[in-house]
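Step one of this worksheet: look at the structure below.
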């Protein structure tokens, strides 16, 4: 069986009119979260080697870089829209 424990499967809801993140959700290992607080995602990202999402490179990554403190140098981004 494959081990996806260091894959952070992620989705972000962002309102471009207000410039605010409405909420996000992720799965990391056995943890399933739907949240608004950036600290929870930042802590999860610190335990991930990969962030996986749909339209991650064009949409979510720029927002993540702007609103969240995530160490992108040590995390690979996998975008399901590109593949």
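Numbering (my numbering), first residue to last: 227 to 309. Where a beta carbon is used, it is the ideal one built from N, C-alpha and C, also for glycine. Every value quoted in this text rests on a predicted model; they were computed, and no experiment measured them.
- Here DSSP, grouped into helix, strand and coil, assigns residue 233 to strand.
- With the rule of 3 Cβ pairs closer than 8 Å, the region 281-289 does not count as touching the region 261-269.
- Residue 229 and residue 306 have their C-alpha atoms roughly 19 Å apart.
- The beta carbons of residue 232 and residue 274 sit closer together than 8 Å.
- DSSP places residue 299 in no alpha helix (DSSP H); its state is neither H nor E.
- A residue is called buried once 16 or more other Cβ atoms fall within 10 Å of its Cβ, and residue 308, having fewer, is exposed.
- Per DSSP, residue 291 is one residue of the alpha helix (DSSP H) stretching across 287-293.
- In the three-state reduction of the DSSP assignment, residue 284 falls in the helix class.
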